[in-house]
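Worksheet for the structure shown next.
4 protein chains.
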Amino acid sequence: MRPMRRIRVTVWNEFLHERQDPRIAEIYPDGMHSVIASYLRSQGFETRTATLSEPEHGLTQDVLSNTDVLVWWGHMAHDRVDDGVVERVYRRIVNEGMGLIALHSAHLSKVFRRLMGTPCNVKWREAGERERIWVVGGGHPIAEGLGDYFEIEHEEMYGEPFEIPQPDELVFISWFKGGEVFRSGCCFHRGLGKVFYFRPGHETYPTYYDSNVLRVIGNAVKWCAPVERPRPVHGNVKPLEPL
Amino acid sequence: MRPMRRIRVTVWNEFLHERQDPRIAEIYPDGMHSVIASYLRSQGFETRTATLSEPEHGLTQDVLSNTDVLVWWGHMAHDRVDDGVVERVYRRIVNEGMGLIALHSAHLSKVFRRLMGTPCNVKWREAGERERIWVVGGGHPIAEGLGDYFEIEHEEMYGEPFEIPQPDELVFISWFKGGEVFRSGCCFHRGLGKVFYFRPGHETYPTYYDSNVLRVIGNAVKWCAPVERPRPVHGNVKPLEPL
Amino acid sequence: MRPMRRIRVTVWNEFLHERQDPRIAEIYPDGMHSVIASYLRSQGFETRTATLSEPEHGLTQDVLSNTDVLVWWGHMAHDRVDDGVVERVYRRIVNEGMGLIALHSAHLSKVFRRLMGTPCNVKWREAGERERIWVVGGGHPIAEGLGDYFEIEHEEMYGEPFEIPQPDELVFISWFKGGEVFRSGCCFHRGLGKVFYFRPGHETYPTYYDSNVLRVIGNAVKWCAPVERPRPVHGNVKPLEPL
Amino acid sequence: MRPMRRIRVTVWNEFLHERQDPRIAEIYPDGMHSVIASYLRSQGFETRTATLSEPEHGLTQDVLSNTDVLVWWGHMAHDRVDDGVVERVYRRIVNEGMGLIALHSAHLSKVFRRLMGTPCNVKWREAGERERIWVVGGGHPIAEGLGDYFEIEHEEMYGEPFEIPQPDELVFISWFKGGEVFRSGCCFHRGLGKVFYFRPGHETYPTYYDSNVLRVIGNAVKWCAPVERPRPVHGNVKPLEPL
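Chains as they are written, first to last, in the working numbering: chain A, 1 to 243; chain B, 244 to 486; chain C, 487 to 729; chain D, 730 to 972.
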């Protein structure tokens with residue numbers, strides 16, 4: 001087989017909670033993005049990071065053009081993400097096939113909502129309860145290496161109805177101790193791009209040190225990576241056959 | 244609008260547990276099929292019943308030809324269902340559009356497994372635990388009249404991975420107190436026919452007296468009802484355009 | 487069965503081509519919306535019309551609140567549709583379950599693109615060529631009454647790749663004489679609402695007098711009609727079980 | 730990234746047409762399987778072949794246990810494939826994740842029909858007409874390297890309705906000169922296994938020398954390859970949480 005080109009990942013984080021709340025800083029002193037990026041590097045992905053406070057949020061056209069998969073964590077500052085940057089990210093996904101992994105509260109990020117076409121609201125509860133993530137995706141590559149389920153001891157709860165289109169491929173369903181369920185691993189195709197939503201990752205818990213969570217993110221990077229194809233032709237075309 | 248023709252339903256039950264176990268007979272003295280049929284009649288459906296011990300299991304060609312939607316409950320006697328009858332039911336679904344509602348342990352019935360193309364195994368536990376059925380199907384007609392969820396106080400547990408193809412439309416996901424989840428309301432299209440799998444209904448609990456459960460079965464009858472179309476043409480055909 | 491409440495339909499048309507081009511006016515002297523509305527009335531639907539030039543494009547909150555299914559035809563004036571009206575239509579669909587039938591060039595309408603989350607571009611050609619619409623949806627209610635295919639003698643061509651998410655249910659695929667194919671009958675679920683895209687209907691051809699085309703629109707109205715359900719609860723919730 | 734283990738492919742062919750018809754023997758002197766296998770080897774896959782006339786059709790348990798992806802071509806001898814071998818292949822797919830690529834007339838093979846749960850009939854015509862295969866799968870890995878479409882100058886026609894469940898992912902739609910369309914690249918998940926149906930490949934044309942056709946088969950091998958996961962636990966289980 002052809003040697004696969006190294007996949008280039010950019011991990012984006014608004015990086016505010018970790019700098020504003022000492023308890024969160026204790027868990028993620030360099031930000032959640034650093035922990036995720038560190039894992040992805042260890043798996044051989046060419047990985048960089050970007051954050052809200054950088055110029056253009058660190059997502060210049062040049063950075064995006066050299067990103068195969070964008071990992072996104074945002075929560076309290078969705079509205080502070082510049083619309084021009086959102087447009088740029090959106091186009092890079094739909095028109096050029098960049099993958100997007102939307103983590104946890106990124107369900108309300110501008111770009112994810114735009115890609116879904118729905119408001120993407122959820123039920124939620126911050127009670128540090130147990131989440132058990134069941135694999136329903138059979139032989140889906142994002143489930144590689146996982147058993148029937150894995151557990152996260154303390155997490156924020158997200159509950160149904162999750163206001164998204166039916167996923168093209170549903171990989172995980174979460175059980176929560178407080179009584180709810182959630183479609184927590186969801187695949188979507190949008191234009192040439194692929195999008196994976198993955199639920200876990202509240203900022204007050206050490207979720208992104210969990211080996212199963214990291215493994216899923218790594219698997220998703222591979223699934224999301226662009227496929228080399230010319231951009232489709234749209235617009236007025238001549239007939240291919242005699243009329 | 245044209246007045247809708249009355250939908251003709253046949254409720255099939257192996258009707259063994261209710262006759263062999265006095266505790267079950269106490270809950271369903273005339274069988275689960277009678278309770279379900281009684282509700283469907285009250286909703287205006289033309290409803291009859293059929294059981295395993297009748298000649299041809301009560302599913303003669305004539306009965307099937309006059310059935311729009313077949314409701315199926317089976318458990319301990321899947322293997323005693325005649326293959327010829329299974330074939331007849333299968334053809335009536337795929338070739339002529341009869342709907343099938345497979346209830347609870349019917350996940351292992353011959354006809355459901357054949358329609359799925361998978362073994363349809365589940366995890367299970369008889370502990371009378373709480374089941375909370377969440378609606379993820381938004382505006383799906385099978386969810387008509389339901390809130391975000393409904394509960395069944397005591398039920399057998401079925402857990403993932405449920406060995407089925409990804410449903411064409413996923414309407415319900417169950418939460419179980421013991422820690423599992425389950426895709427408990429699943430729509431499938433097969434040829435001209437539509438199939439709905441609905442999880443609840445263990446014989447030792449009065450599940451089929453529950454108003455939400457009954458409502459779902461009634462909604463599903465409407466969703467499953469055949470669409471009037473000529474049977475497709477297959478085989479060798481002439482060109483429709485000059486070659 | 488409960489008598490079904492009459493479904494209330496609003497047929498919206500930008501109604502510009504028919505007033506600006508005499509050849510089109512000859513085909514549709516009162517606009518395409520009038521022809522479609524007339525058919526829907528004949529099928530028993532409570533039907534009104536609305537057009538771009540009316541105040542608020544005829545889509546006041548009151549009109550929308552009393553519309554179960556909105557049929558939309560637009561082409562040259564997508565950009566002149568007020569964003570506030572688009573928002574209102576969008577909310578009525580996603581939050582309250584109003585159905586949307588997007589016809590032909592409505593693939594580029596603001597509300598359809600927003601619901602899809604993709605740019606929705608197509609290939610196209612105005613050559614009056616033959617379109618043959620194949621039914622791949624088996625027992626789907628939108629195919630009721632149709633054979634394996636139907637033909638439209640003269641139509642504009644739309645060709646793949648149609649930049650939409652994979653439809654939840656694909657009902658029709660078009661064959662075009664000039665060599666292209668198109669997914670021409672596509673179902674989508676968005677929040678509580680259901681959306682049907684139906685390809686045919688270029689303004690220069692008498693497509694909306696075609697009995698098969700009208701039948702499909704009528705079938706789609708029934709499929710799109712809202713399901714009575716309370717609006718979902720989102721936001722912060724208390725546990726349903728002890729933590 | 731971890732170096733990927735070489736994917737092990739077995740190309741199965743009934744290998745009858747090529748030995749019985751001199752005109753076909755001229756095109757494929759060593760059988761279609763040899764041509765396909767030769768290409769797959771050139772792409773770095775560990776590839777072997779197997780044919781109907783070998784003991785156990787060349788698909789012993791040992792061969793299957795060492796096969797990651799099985800490519801299947803059959804036509805005139807579907808009924809001569811031993812049921813025990815079919816069962817073995819089926820289990821290896823569903824229970825252990827082996828991939829299956831069903832080519833052309835394999836739509837009527839025992840194992841494909843069993844996996845689908847439907848009869849899988851088609852319209853057909855042997856007229857050597859032009860087939861144009863359109864890519865509707867956006868960024869799907871099976872479309873890697875393809876433009877908007879590719880053509881096969883002479884092929885047998887297969888036409889809709891193709892009696893299969895709605896594919897989990899629809900990658901290709903074919904246009905035929907004689908007026909039909911066909912869903913010609915279809916992905917299905919079955920248990921731990923993945924199945925790809927690919928339409929082209931009538932024995933009387935040199936289709937399996939076509940570079941686009943070969944590329945698709947190679948892409949599909951990668952998509953179909955098993956994911957390393959423990960086999961799911963089914964049956965009676967203990968609660969994971971206090972009841």
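Yeah, the Cβ is synthetic: ideal placement off N, Cα and C, and Gly gets one too.
Do the CB positions of D:ARG861 and A:LEU243 come within less than 8 Å of each other? Within the fourth sequence, residue 861 of chain D is the residue found at index 132, counting from 1. Within the first sequence, residue 243 of chain A is the residue found at index 243, counting from 1. Not in contact: D:ARG861 and A:LEU243 (Cβ atoms no closer than 8 Å).
Could you tell me which chain D residues have their CB closer than 9 Å to the CB of C:GLU666, listed as they occur along the chain? As a working mapping, residue 666 of chain C is identified with position 180 in the third sequence. Simply ARG861, TRP863, TYR878 and TRP904.
Based on the DSSP secondary-structure assignment, which residues constitute the bridge partners of C:LYS609? Position 123 of the third sequence, counted from the first residue, corresponds to residue 609 of chain C. A:GLY235 and C:GLY645.
State buried or exposed for D:SER903, treating a residue as buried only when at least 16 other CB atoms are found within 10 Å of its CB. Counting from 1 along the fourth sequence, the entry for residue 903 of chain D is found at position 174. Buried, by the Cβ-count rule.
Are three or more beta carbon pairs between the stretch 216 to 234 of chain A and the stretch 266 to 276 of chain B nearer than 8 Å? no
Is it buried or exposed for C:SER595, if we count other Cβ within 10 angstroms and need 16 for buried? Here residue 595 of chain C is taken as the residue at index 109 of the third sequence, counted from 1. With 16 or more other Cβ atoms within 10 Å, it is buried.
Measuring straight from C-alpha to C-alpha, what distance separates C:ASP554 and C:VAL495? By one-based count along the third sequence, residue 554 of chain C stands at place 68. By one-based count along the third sequence, residue 495 of chain C stands at place 9. Between C:ASP554 and C:VAL495, the C-alpha separation is close to 6 Å.
What residues from the stretch 447 to 473 of chain B come within 7 Å of chain C, judged by C-beta to C-beta, listed N to C? Hits within the stretch, in order: PRO469, VAL470, GLU471, ARG472 and PRO473.
Give a yes or no on whether the minimum CB-CB distance between D:LEU921 and chain C is below 8 Å. Indexing the fourth sequence from 1 puts residue 921 of chain D at position 192. Not an interface residue.
Unbroken beta strand (DSSP E) runs of length 3 or more, entirely within the stretch 575 to 635 of chain C: which are they? For the stretch 575 to 635 of chain C, the full-length beta strand (DSSP E) segments reaching 3 residues or more read 585 to 589 and 609 to 621 along the chain.
For A:GLY191, the three-state DSSP class (helix, strand or coil): Residue mapping note: residue 191 of chain A aligns to position 191 of the first sequence, counting from 1. Coil at A:GLY191, not helix or strand.
Under 8 Å Cβ-Cβ, which residues of chain C neighbour D:PRO890? Position 161 of the fourth sequence, counted from the first residue, corresponds to residue 890 of chain D. Under a criterion of Cβ atoms nearer than 8 Å, the residues of chain C adjacent to D:PRO890 are, in order, TRP620, VAL621, VAL622, GLY624 and ASP634.
With 16 as the cutoff for other CB atoms within 10 Å, does B:ASP391 come out buried or exposed? Along the second sequence, read from residue 1 onward, the residue named residue 391 of chain B stands at position 148. B:ASP391 comes out buried.
Where does C:GLY544 land, buried or exposed, given buried means 16+ other C-beta within 10 angstroms? Within the third sequence, the letter at position 58 stands for residue 544 of chain C. Under this definition C:GLY544 is a buried residue.
How would you list, in chain order, the residues of chain D whose beta-carbon sits under 7 Å from the beta-carbon of C:ARG669? Against the third sequence, residue 669 of chain C aligns to sequence position 183. Within chain D, the residues near C:ARG669 are VAL865.
Straight-line Cα distance separating D:ARG919 from B:GLU372: By 1-based counting over the second sequence, the position of residue 372 of chain B is 129. By 1-based counting over the fourth sequence, the position of residue 919 of chain D is 190. Whole-angstrom Cα-Cα distance: 30 Å.
Take the Cβ of A:SER184 as the centre, count every other Cβ of all protein chains shown within 10 Å, and call the residue buried at 16 or more, exposed below. The count along the first sequence starts at 1 and reaches residue 184 of chain A at position 184. A:SER184 is buried by the Cβ-count criterion.
Is B:ILE416 helix, strand or coil by DSSP? Taking the second sequence and counting its residues from 1, one reaches residue 416 of chain B at position 173. Strand, per DSSP.
Can you name, in chain order, every residue of its own chain whose Cβ lies under 6 Å from the Cβ of B:GLU387, other than the five neighbours on each side? Counting from 1 along the second sequence, the entry for residue 387 of chain B is found at position 144. These residues qualify, in order along the chain: ASN462.
Classify D:SER794: buried if its beta carbon has 16 or more other beta carbons within 10 angstroms, exposed otherwise. Residue numbering aside, residue 794 of chain D sits at position 65 when the fourth sequence is read from its first letter. Around the beta carbon of D:SER794, fewer than 16 other beta carbons lie within 10 angstroms, which makes this residue exposed.
Under 7 Å by beta carbon: chain D residues contacting B:PHE439: Residue mapping note: residue 439 of chain B aligns to position 196 of the second sequence, counting from 1. Those within 7 Å of B:PHE439 in chain D number zero; the least Cβ separation is about 14 Å.
Buried versus exposed, by CB contacts within 10 Å (16 or more), B:MET244: On the second sequence, residue 244 of chain B is found 1 positions in, with the first residue counted as 1. At B:MET244 the pLDDT is 43, less than 50, meaning the model places this residue with poor confidence; the figure from the coordinates comes in the next sentence. Result: exposed.
Distance check for A:THR207 and D:PRO732, CA to CA, integer angstroms please. By one-based count along the fourth sequence, residue 732 of chain D stands at place 3. By one-based count along the first sequence, residue 207 of chain A stands at place 207. Residue placement at D:PRO732 is poorly supported in this model, since its pLDDT is 49, which falls under 50; the coordinates are not used for a value here.
Are the stretch 114 to 121 of chain A and the stretch 406 to 415 of chain B touching by the rule of at least three beta carbon pairs closer than 8 Å? no
Under 8 Å, Cβ to Cβ, is there at least one residue of chain C near D:MET805? Taking the first residue of the fourth sequence as 1, we reach residue 805 of chain D at position 76. Not one chain C Cβ lies under 8 Å of D:MET805.
First through last residue of the alpha helix (DSSP H) which encompasses C:LEU556: Indexing the third sequence from 1 puts residue 556 of chain C at position 70. C:LEU556 -> not in any alpha helix (DSSP H); beta strand (DSSP E) instead, spanning 555 to 559.
Determine, using beta carbons only, whether B:LEU413 comes closer than 8 Å to chain D. Here residue 413 of chain B refers to the residue found at position 170 of the second sequence. No, B:LEU413 lies away from the interface with chain D (no Cβ there is under 8 Å from its Cβ).
Any idea what DSSP makes of D:SER782, helix, strand or coil? Within the fourth sequence, numbered from 1, the residue matching residue 782 of chain D stands at position 53. In the structure shown, D:SER782 sits in coil (DSSP, three-state: anything other than H, G, I, E or B).
Quick one: give me the first and last residue of the beta strand (DSSP E) that B:VAL252 is part of. Looking up residue 252 of chain B in the second sequence gives position 9. 251 to 256 is the span of the beta strand (DSSP E), which, as asked, contains B:VAL252.
Just to make sure I have the definition right: I need the residues of chain D whose C-beta is within less than 8 Å of the C-beta of A:GLU144. Which are they? Position 144 of the first sequence, counting from 1, holds the residue named residue 144 of chain A. Per Cβ cutoff of 8 Å: VAL956, GLU957 and ARG958.
Could you work out which residues of chain B lie near C:PRO653, taking near to mean beta carbons separated by less than 8 Å? For the purposes of this step, residue 653 of chain C is identified with residue 167 of the third sequence, where counting begins at 1. Residues of chain B passing the Cβ test: none, with the nearest at roughly 11 Å.
For A:ALA127 and C:LYS724, the rounded distance between their alpha carbons: As a first step, residue 724 of chain C is located in the third sequence; it is residue number 238 there, counting from the start. As a first step, residue 127 of chain A is located in the first sequence; it is residue number 127 there, counting from the start. So the two alpha carbons sit approximately 9 Å from each other.
Below-8 Å beta-carbon distance, D:LEU769 vs any chain A residue: The residue you call residue 769 of chain D lines up with position 40 of the fourth sequence. No - not a single Cβ of chain A is within 8 Å of the one on D:LEU769.
Am I right that C:TRP559 and C:GLY687 are in contact with their C-beta atoms under 8 Å? What's the rounded C-beta distance? Taking the first residue of the third sequence as 1, we reach residue 559 of chain C at position 73. Taking the first residue of the third sequence as 1, we reach residue 687 of chain C at position 201. Between C:GLY687 and C:TRP559 the Cβ distance is about 7 Å, and since that is below 8 Å, they are a contact.
Whole-angstrom C-beta distance between B:VAL254 and B:VAL314, which should lie under 8 Å: As a working note, residue 314 of chain B is residue 71 in the second sequence. As a working note, residue 254 of chain B is residue 11 in the second sequence. Contact flag correct, Cβ pair sits at about 4 Å.
Using alpha carbons as the reference points, say which of D:ILE871, D:TYR938, D:MET827 and D:VAL962 lies closest to D:PHE927. Residue mapping note: residue 927 of chain D aligns to position 198 of the fourth sequence, counting from 1. Nearest option by C-alpha distance: D:ILE871.
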